[in-house]
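Chemist:
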Amino acid sequence: MAEVASESGGEVSVSWNAAEVRAEFPQLGLKVNGVRPVYLDSAATTLKPRAVIDRLQHFYSYECANVHRGAHWLSDRATSAYEEARQKVARFLGAERDSEIVFTRGTTEGLNLIAHSFGRPFLQPGDEILLTQLEHHSNILPWQLLAQEKGLKLKVAPIHPSGELVEEEFEALLTNQTKLVSFTHVSNGLGTILPIQKMIQSAQKVGAVTVVDAAQSVSFLPLRVRDLGCDFLVFSGHKLFGPYGVGALYGRHQWLEQMPPYQSGGSMISKVSFAKSDFLPPPQRFEAGTPHIAGAIGLGAAIDFVQALGLEAIESHEQRLLTMATEELKQMGGVRLFADLDHKASILSFLMEGTHPSDVGAMLDQQAVAVRAGHHCNQPLWDFYQVPGTVRASFSLYNDEEDVERWIVALKKAKEMLL
Ligand code: PLP
Numbered sequence: 032m033a034e035v036a037s038e039s040g041g042e043v044s045v046s047w048n049a050a051e052v053r054a055e056f057p058q059l060g061l062k063v064n065g066v067r068p069v070y071l072d073s074a075a076t077t078l079k080p081r082a083v084i085d086r087l088q089h090f091y092s093y094e095c096a097n098v099h100r101g102a103h104w105l106s107d108r109a110t111s112a113y114e115e116a117r118q119k120v121a122r123f124l125g126a127e128r129d130s131e132i133v134f135t136r137g138t139t140e141g142l143n144l145i146a147h148s149f150g151r152p153f154l155q156p157g158d159e160i161l162l163t164q165l166e167h168h169s170n171i172l173p174w175q176l177l178a179q180e181k182g183l184k185l186k187v188a189p190i191h192p193s194g195e196l197v198e199e200e201f202e203a204l205l206t207n208q209t210k211l212v213s214f215t216h217v218s219n220g221l222g223t224i225l226p227i228q229k230m231i232q233s234a235q236k237v238g239a240v241t242v243v244d245a246a247q248s249v250s251f252l253p254l255r256v257r258d259l260g261c262d263f264l265v266f267s268g269h270k271l272f273g274p275y276g277v278g279a280l281y282g283r284h285q286w287l288e289q290m291p292p293y294q295s296g297g298s299m300i301s302k303v304s305f306a307k308s309d310f311l312p313p314p315q316r317f318e319a320g321t322p323h324i325a326g327a328i329g330l331g332a333a334i335d336f337v338q339a340l341g342l343e344a345i346e347s348h349e350q351r352l353l354t355m356a357t358e359e360l361k362q363m364g365g366v367r368l369f370a371d372l373d374h375k376a377s378i379l380s381f382l383m384e385g386t387h388p389s390d391v392g393a394m395l396d397q398q399a400v401a402v403r404a405g406h407h408c409n410q411p412l413w414d415f416y417q418v419p420g421t422v423r424a425s426f427s428l429y430n431d432e433e434d435v436e437r438w439i440v441a442l443k444k445a446k447e448m449l450l
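Just add 31 to the spot in the sequence shown (first one is 1) and you have this note's numbering.
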């Protein structure tokens with residue numbers, strides 16, 4: 032039984048049985064090079080629990096049909112499961128209506144959808160878009176392309192060397208010209224948690240629309256879109272223990288109902304003729320063609336999975352591992368650790384003196400320890416630090432103390448071999 036502080040500051044009792052949690056993930060039962068694998072790349076993608084895998088199998092075995100189209104019982108069954116998944120996402124995010132949730136391919140598609148269907152019609156030449164230095168490429172490129180196409184100006188809020196946003200600069204960059212502000216909730220490169228509530232409120236003061244990239248936060252931080260007051264929020268299923276190729280976009284009803292389609296085709300129209308076509312209201316307007324039905328249903332199962340464990344308990348477990356891993360890494364010495372902050376996500380980005388990140392990654396791989404080495408789709412962030420990239424270890428709910436120890440032993444061995 033672990034004691035963790037509740038959100039309100041009081042003490043609540045949460046049981047966390049690491050062995051039981053690990054047993055939910057079949058992949059962790061594998062042997063790699065004859066040993067138990069250590070998976071520390073959850074910031075790239077999370078492993079999938081049995082509940083999600085079983086749900087996908089159940090769909091393909093017993094509910095497999097297209098949605099919203101068939102005049103038969105199987106299609107009704109698939110449609111109910113698909114719409115139930117939408118409802119789960121809506122409740123998970125605290126949306127006002129289920130129709131504010133659009134199923135996408137993931138965070139990247141969600142951001143492209145907003146750039147296309149909101150940015151193109153609603154932004155005018157000379158308008159400004161504000162981002163931060165911490166953004167993943169997928170929260171830079173859609174805006175950069177849009178800016179080139181429409182004559183918009185991109186501005187970037189800087190960070191401190193600590194990896195935290197320079198909040199005064201963010202505020203100063205917000206002007207009456209700022210029409211859209213898009214930022215990550217948690218940096219995938221550093222683990223920094225941004226003060227998004229404050230950022231949204233500041234953006235609202237100048238009348239800017241806000242977009243939250245929740246790709247990294249969705250698996251451990253509660254997201255309540257109505258309390259946050261953001262206009263859009265996007266995430267990917269595969270970073271929330273769910274399937275690949277599916278994600279969700281939350282969009283405030285007021286915007287979605289005014290936005291033109293992103294893609295067009297079947298399932299998103301009310302009437303088609305060669306002269307003119309009419310489109311369905313959201314969310315169908317933004318879900319052209321056959322959607323990833325199994326993916327959406329699997330995402331619903333992933334949400335049930337994390338809710339059963341509890342986000343607060345997940346965060347608390349990950350924080351324990353982060354503290355232990357940070358201390359061990361510092362004790363080892365010869366390491367440059369980025370964003371060594373008291374409160375951050377369980378992501379450690381670092382360089383080992385005299386070594387290249389890819390060599391360290393390869394040495395760890397030989398010892399069945401999976402980390403990421405490289406720029407992590409954050410090239411502008413590493414330009415700020417004037418390094419090409421880092422080694423990144425990210426800890427999730429299925430990691431335990433043994434993983435931290437194995438990782439440190441593997442790092443020490445890598446150091447010996449490489450120096
Ligand atoms: N934003 C952040 C912060 C991310 O970490 C990622 C993935 O690493 C993305 C966006 C892109 O997510 P996806 O590739 O699932 O669309």
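Yeah, the Cβ is synthetic: ideal placement off N, Cα and C, and Gly gets one too. In this text the structure is predicted, and so the values were computed from the model without any measurement.
What separation, rounded to the nearest whole angstrom, lies between the Cα atoms of GLY365 and THR76?
Modeler: Taking the straight line joining both Cα atoms gives about 28 Å.
Chemist: Is any heavy atom in the ligand PLP found nearer than 7 Å to the beta carbon of CYS261?
Modeler: Checking every heavy atom of the ligand PLP against the Cβ of CYS261, none is found closer than 7 Å.
Chemist: Residue range of the alpha helix (DSSP H) that GLU200 falls in?
Modeler: Looking at the DSSP string, the run of the alpha helix (DSSP H) that includes GLU200 is 198-204.
Chemist: Determine the direct distance from the alpha carbon of GLY101 to that of ASP107, and round the result to whole angstroms.
Modeler: Approximately 7 Å between the Cα atoms of the pair.
Chemist: Taking a contact to mean a Cβ-Cβ separation below 8 Å, would you say LEU177 touches ALA146 in this structure?
Modeler: Against a cut-off of 8 Å, the Cβ pair of ALA146 and LEU177 comes out as a contact.
Chemist: Give the DSSP-derived three-state secondary structure of ILE227 in the structure shown.
Modeler: It is helical.
Chemist: From GLU433 to THR110, what distance separates their C-alpha atoms?
Modeler: Between GLU433 and THR110, the C-alpha separation is close to 43 Å.
Chemist: Let me know the secondary structure DSSP gives ALA33 once reduced to three states.
Modeler: Below a pLDDT of 50, predicted positions are generally treated as unreliable, and ALA33, at 37, falls in that range; no measurement from the model is reported.
Chemist: Starting from the C-beta of GLY268, find all residues in its chain whose C-beta is less than 6 Å away, skip the five residues before and the five after it, and write them out in chain order.
Modeler: Cβ within range, chain order: PRO274, VAL277, GLY278, LEU330.
Chemist: Using alpha carbons as the reference points, say which of GLY341, GLU200, PRO192, GLN88 lies closest to PRO253.
Modeler: For PRO253, the nearest C-alpha among the options comes from GLY341.
Chemist: Under 5 Å from any heavy atom of the ligand PLP, by CB: list those residues in chain order, please.
Modeler: Answer in sequence order: GLY137, THR138, THR139, HIS167, SER169, THR215, ASN219, ASP244, ALA246, GLN247, SER267.
Chemist: Decide if VAL303 is buried, meaning its Cβ has at least 16 other Cβ atoms within 10 Å, or exposed.
Modeler: Looking at its Cβ environment, which holds fewer than 16 other Cβ atoms inside 10 Å, VAL303 is exposed.
Chemist: Whole angstroms are fine: how far does the CA of PHE153 sit from the CA of VAL242?
Modeler: Their backbone Cα atoms lie some 14 Å apart in a straight line.
Chemist: Tell me which residues share the same chain as ALA239 and place their Cβ nearer than 8 Å to its Cβ, disregarding the 5 neighbours each side in the sequence.
Modeler: Contacts found: LEU161, LEU205, THR209, LYS210, LEU211, VAL212.
Chemist: Tell me which residues share the same chain as ARG53 and place their Cβ nearer than 6 Å to its Cβ, disregarding the 5 neighbours each side in the sequence.
Modeler: Result list for ARG53: LEU59, TYR429, in chain order.
Chemist: With a 10 Å radius around its C-beta and 16 neighbouring C-beta atoms as the bar for buried, classify LEU368 as buried or exposed.
Modeler: By the neighbour-count rule (16 or more Cβ atoms within 10 Å), LEU368 is not buried but exposed.
Chemist: How is ARG151 classed by DSSP in three states: helix, strand or coil?
Modeler: Note: ARG151 maps to helix in three-state DSSP.
Chemist: Name the residue from LEU144, LYS446, PRO68 whose alpha carbon lies nearest to the alpha carbon of PRO173.
Modeler: Nearest option by C-alpha distance: LEU144.
Chemist: Would you give the residue range spanned by the beta strand (DSSP E) that SER267 belongs to?
Modeler: Element bounds for SER267: 263-267.
Chemist: Measure the alpha-carbon distance for HIS348 versus ASP373 and round it to whole angstroms.
Modeler: If I take the Cα positions, the gap works out to 15 Å.
Chemist: Going straight from the alpha carbon of ILE345 to that of ASP262, what length do you get?
Modeler: Straight-line Cα distance between these residues: approximately 27 Å.
Chemist: Let me check understanding here. Comparing Cα to Cα, which of ALA404, GLY420, ASN207 lies closest to GLN410?
Modeler: Selected option, being the one with the closest Cα: GLY420.
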